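Before any comments, here is the structure.
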């Protein structure tokens, strides 16, 4: 993804901010906005991610207010205008998918995207990587060489948990880097206790798992797939993701 493209796709002129009541009838004075169906889908994606994040994290902020207010990350434009573009959509999805706050320096987000793309372009799945790692995971990718501990490479592991002890049902998802499954099992036990005994731990990330589809947002799934493909990217640094939902019997 070229940074020139990101900059070129952002609105050149910040339109005047005027918020309309969506439940009112249309008026001839309403500002016309020219876009495409793809642009509408981009805006819908960011709106969905905004609402999902605010609900997930209990953010005491109205999602619509965030979408309508001018943002530094969009060079003063609102998400309603900026996220019709590819660049704005990517920024909107990343800030909520990675919980980076409610606003950010646009250059910092673009640099994050650029670093990830550059890492992926270098080819995390090259024959040289596989030879250096000396082994492959079940999907054919080389084992990550993001770091080493005790002479062994760190790898991305993910785990899903479905546990019911008669008093409480626990559904959970975990993702982090470790040298082996036992390290992940230890982390899960420290956080979840006996429920961790029902954990299914795998190397890498499978976005098709039913628990993943139920608990993990599309934006975070995209991020984990990038991390799995490029473990040395900035997105992978310090990764320790835990998502849980509990139901009392």
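In the numbering used here, the protein residues as written are 7 to 255.
Glycine is no exception: its CB is placed at the ideal position from the N, C-alpha and C atoms.
Everything numeric in this text was worked out from a predicted model, so none of it was measured.
- Check whether the Cβ of residue 76 lies closer than 7 Å to any heavy atom of the ligand ATP, and answer yes or no. In the structure on display, the ligand ATP does not appear, and there are no ligands present to speak of.
- According to DSSP, which residues form a beta bridge with residue 165? 180, 207
- Message: Assuming contact is defined by CB atoms lying nearer than 8 Å, are residue 52 and residue 59 in contact in what I supplied?
- Response: The answer is no: Cβ separation not under 8 Å.
- Reduced DSSP category for residue 71 - H, G, I as helix; E, B as strand; rest coil: helix
- Message: For residue 251, which residues in the same chain have their Cβ closer than 6 Å to its Cβ, ignoring the five residues on either side in sequence?
- Response: 177
- Query: Taking Cβ positions, are residue 234 and residue 211 nearer each other than 8 Å?
  - Reply: yes
- Task: Determine the extent of the beta strand (DSSP E) in which residue 253 is found, giving its start and end residues.
- Result: 246-254
- Task: Please work out which residues of its chain come closer than 8 Å, Cβ to Cβ, to residue 69, disregarding the five sequence neighbours upstream and downstream, and give them in chain order.
- Result: Answer for residue 69: 53, 56, 57, 60, listed in chain order.
- Based on the DSSP output, what are the partners of residue 174 in its beta bridges? 254
- What is the C-beta distance between residue 241 and residue 232, in whole angstroms, given that I count them as a contact (C-beta under 8 Å)? 6 Å
- Item | With 16 other Cβ atoms within 10 Å as the buried cut-off, status of residue 147 | Bear in mind that a pLDDT of 35 at residue 147, under 50, signals an unreliable position, so the model cannot answer this.
- Can you pull the DSSP bridge partners for residue 84? 76
- Message: For residue 236 and residue 206, I'd like the C-alpha separation in whole angstroms.
- Response: 23 Å
- Query: What is the C-beta distance between residue 103 and residue 223, in whole angstroms, given that I count them as a contact (C-beta under 8 Å)?
  - Reply: 6 Å
- Item | Test item: CB-CB of residue 90 and residue 49 under 8 Å | yes
- Grab me the residues of residue 126's own chain with a C-beta within less than 8 Å of its C-beta, minus the 5 sequence neighbours each way, in chain order. Confidence is the limiting factor: at residue 126 the pLDDT is only 45, short of 50, which leaves the residue's position unreliable and the question unanswerable from this model.
- Would you call residue 84 buried or exposed, if buried means 16 or more other Cβ atoms sit within 10 Å of its Cβ? buried
- Query: How would you call residue 183, buried or exposed, if buried means at least 16 neighbouring beta carbons within 10 angstroms?
  - Reply: It counts as buried.
- Message: Tell me which residues share the same chain as residue 112 and place their Cβ nearer than 6 Å to its Cβ, disregarding the 5 neighbours each side in the sequence.
- Response: 79
- Check whether the Cβ atoms of residue 167 and residue 200 sit closer than 8 Å, and answer yes or no. no
- Message: Just to confirm my understanding: we take residue 249, look at its own chain, exclude 5 residues before and 5 after, and list those with CB closer than 6 Å. What are they?
- Response: Counting only Cβ-Cβ distances below 6 Å, and skipping sequence neighbours, we find 179, 221.
- Item | DSSP three-state assignment for residue 40, whether helix, strand or coil | It is coil, neither helix nor strand.
- Going by alpha carbons, who is nearest to residue 244 out of 194, 108, 162, 175? 162
- Task: Please state if the CB of residue 72 and the CB of residue 29 are separated by a distance shorter than 8 Å.
- Result: Taking the C-beta atoms as reference points, residue 72 is found no nearer than 8 Å to residue 29.
- Query: For the putative contact between residue 115 and residue 101, defined by C-beta atoms under 8 Å, what is the C-beta separation to the nearest angstrom?
  - Reply: 7 Å
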